[in-house]
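Report on one structure; see the data block that follows.
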Amino acid sequence: MMINRKNAIERATFLTQTSSLNAATIAVGEQLAGTAELSMDMAIAVLDNNQIAEMAGFLNDSKTCKELDVPCDDVGLDLDELREWGLTRKQYCIAHEIALIAHMVDRVRTHRNESTDTPRTLRAYSS
1 MMINRKNAIE
11 RATFLTQTSS
21 LNAATIAVGE
31 QLAGTAELSM
41 DMAIAVLDNN
51 QIAEMAGFLN
61 DSKTCKELDV
71 PCDDVGLDLD
81 ELREWGLTRK
91 QYCIAHEIAL
101 IAHMVDRVRT
111 HRNESTDTPR
121 TLRAYSS
(Lines of atoms letter the chains of each structure in order from A and count residues from 1; the text may use other names and numbers.)
(Lines give C-alpha, C1' and ligand atoms only; values in the text may rest on other atoms or scores of the structure.)
Protein backbone atom coordinates (compact mmCIF):
# COMPACT_ATOMS: atom_id res chain seq x y z
CA MET A 1 0.00 0.00 0.00
CA MET A 2 1.23 3.47 -0.87
CA ILE A 3 1.23 6.02 1.91
CA ASN A 4 -0.35 9.34 1.02
CA ARG A 5 2.35 11.64 2.39
CA LYS A 6 0.28 14.83 2.16
CA ASN A 7 -2.60 13.30 4.12
CA ALA A 8 -0.22 11.78 6.67
CA ILE A 9 1.49 15.15 7.24
CA GLU A 10 -1.88 16.89 7.65
CA ARG A 11 -3.09 14.25 10.12
CA ALA A 12 0.17 14.17 12.09
CA THR A 13 0.29 17.96 12.27
CA PHE A 14 -3.20 17.87 13.80
CA LEU A 15 -1.90 15.62 16.64
CA THR A 16 -0.34 18.52 18.54
CA GLN A 17 -0.03 16.81 21.91
CA THR A 18 2.45 14.18 20.74
CA SER A 19 5.94 14.26 19.28
CA SER A 20 6.40 14.57 15.54
CA LEU A 21 7.72 11.00 15.33
CA ASN A 22 4.80 9.51 17.27
CA ALA A 23 2.32 11.62 15.30
CA ALA A 24 3.84 10.41 12.02
CA THR A 25 3.70 6.81 13.23
CA ILE A 26 0.03 7.20 14.17
CA ALA A 27 -0.84 8.90 10.87
CA VAL A 28 0.84 6.16 8.82
CA GLY A 29 -0.73 3.45 11.00
CA GLU A 30 -4.16 4.98 10.44
CA GLN A 31 -3.65 4.92 6.68
CA LEU A 32 -2.48 1.32 6.73
CA ALA A 33 -5.42 0.30 8.93
CA GLY A 34 -7.93 2.36 6.98
CA THR A 35 -9.25 3.87 10.21
CA ALA A 36 -8.79 7.00 12.29
CA GLU A 37 -8.14 7.76 15.94
CA LEU A 38 -5.48 5.13 16.62
CA SER A 39 -3.37 5.31 19.76
CA MET A 40 0.40 4.93 19.45
CA ASP A 41 0.16 1.32 20.67
CA MET A 42 -2.54 0.54 18.12
CA ALA A 43 -0.50 2.17 15.33
CA ILE A 44 2.52 0.03 16.21
CA ALA A 45 0.28 -3.05 16.24
CA VAL A 46 -0.94 -2.13 12.73
CA LEU A 47 2.69 -1.96 11.58
CA ASP A 48 2.89 -5.61 12.68
CA ASN A 49 6.56 -5.29 13.68
CA ASN A 50 7.71 -2.92 16.42
CA GLN A 51 11.11 -2.81 14.70
CA ILE A 52 9.52 -0.59 12.04
CA ALA A 53 8.87 2.06 14.69
CA GLU A 54 12.36 1.54 16.13
CA MET A 55 13.93 1.96 12.68
CA ALA A 56 11.81 5.07 12.07
CA GLY A 57 13.15 6.53 15.31
CA PHE A 58 16.71 5.66 14.35
CA LEU A 59 16.32 7.24 10.90
CA ASN A 60 14.60 10.29 12.39
CA ASP A 61 17.52 10.82 14.77
CA SER A 62 20.33 10.03 12.36
CA LYS A 63 19.17 11.50 9.03
CA THR A 64 18.13 14.95 7.93
CA CYS A 65 14.92 15.67 6.08
CA LYS A 66 16.97 16.20 2.92
CA GLU A 67 18.68 12.81 3.33
CA LEU A 68 15.31 11.12 3.77
CA ASP A 69 13.59 12.98 0.94
CA VAL A 70 14.61 10.44 -1.69
CA PRO A 71 12.53 7.50 -2.90
CA CYS A 72 13.13 4.50 -0.66
CA ASP A 73 13.97 2.39 -3.71
CA ASP A 74 16.89 4.75 -4.45
CA VAL A 75 18.40 4.20 -1.00
CA GLY A 76 21.21 1.67 -1.01
CA LEU A 77 19.86 -0.87 1.45
CA ASP A 78 22.26 -3.10 3.32
CA LEU A 79 20.49 -6.46 3.36
CA ASP A 80 22.57 -7.68 6.32
CA GLU A 81 21.53 -4.60 8.28
CA LEU A 82 17.89 -5.21 7.40
CA ARG A 83 18.20 -8.78 8.68
CA GLU A 84 19.77 -7.51 11.92
CA TRP A 85 16.82 -5.17 12.42
CA GLY A 86 14.39 -7.97 11.50
CA LEU A 87 12.90 -5.95 8.64
CA THR A 88 11.94 -6.63 5.07
CA ARG A 89 12.64 -4.10 2.34
CA LYS A 90 8.96 -3.05 2.40
CA GLN A 91 9.01 -2.58 6.18
CA TYR A 92 12.18 -0.50 5.92
CA CYS A 93 10.45 1.73 3.37
CA ILE A 94 7.54 2.27 5.78
CA ALA A 95 10.02 3.25 8.52
CA HIS A 96 11.79 5.56 6.06
CA GLU A 97 8.47 7.25 5.19
CA ILE A 98 7.51 7.64 8.87
CA ALA A 99 10.86 9.32 9.60
CA LEU A 100 10.50 11.67 6.63
CA ILE A 101 6.94 12.59 7.63
CA ALA A 102 8.13 13.23 11.20
CA HIS A 103 10.75 15.68 9.90
CA MET A 104 8.17 17.42 7.72
CA VAL A 105 5.71 17.67 10.61
CA ASP A 106 8.44 19.12 12.79
CA ARG A 107 9.10 21.75 10.11
CA VAL A 108 5.42 22.72 10.04
CA ARG A 109 5.25 22.86 13.83
CA THR A 110 8.45 24.88 14.09
CA HIS A 111 7.14 27.31 11.48
CA ARG A 112 3.95 27.64 13.54
CA ASN A 113 5.97 27.61 16.78
CA GLU A 114 4.01 24.56 18.04
CA SER A 115 6.78 21.97 18.33
CA THR A 116 6.66 19.53 21.26
CA ASP A 117 10.00 18.04 20.23
CA THR A 118 13.29 18.98 21.84
CA PRO A 119 15.44 21.23 19.64
CA ARG A 120 17.98 19.42 17.50
CA THR A 121 21.66 20.13 17.68
CA LEU A 122 22.80 21.68 14.44
CA ARG A 123 25.33 19.65 12.55
CA ALA A 124 28.66 21.41 12.04
CA TYR A 125 29.13 19.72 8.69
CA SER A 126 26.97 18.87 5.77
CA SER A 127 26.81 15.49 4.16
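Heads up: the sequence shown at position 87 corresponds to 87 in full-length UniProt numbering, and the numbers run straight through without jumps. The C-beta atom is built at its ideal place from N, Cα and C for all residues, glycine as well. Owing to the predicted nature of the structure, the values given are computational and were not obtained by experimental measurement.
Element boundaries [alpha helix (DSSP H), containing residue i]
i           : result
Val46       : Met40 to Leu47
residue 143 : The structure shown does not extend to residue 143, since the chain is modelled only from 1 through 127, so no value can be given for it.
Ser20       : Ser20 to Ala33
Beta-carbon proximity check, residue i vs residue j, cutoff 8 Å
i      : j      : result
Tyr92  : Leu68  : no
Ala99  : Lys63  : yes
Thr25  : Ala43  : yes
Ala23  : Ala12  : yes
Met104 : Ile9   : yes
Ile101 : Leu47  : no
Leu87  : Asn113 : no
Per-residue DSSP class, three states only, for residue i
i     : result
Ala53 : helix
Glu10 : helix
*Just list the alpha helix (DSSP H) runs in the segment 60-116, keeping only unbroken ones of 4 residues or longer that don't cross its boundaries, in chain order.*
DSSP runs (the alpha helix (DSSP H)) wholly in the segment 60-116: 65-68, 79-85 and 89-112.
*Does the segment 25-39 come close enough to the segment 58-66 that 3 or more CB-CB pairs lie under 8 Å?*
Judged by Cβ distances under 8 Å, the segment 58-66 makes no contact with the segment 25-39, as fewer than three pairs qualify.
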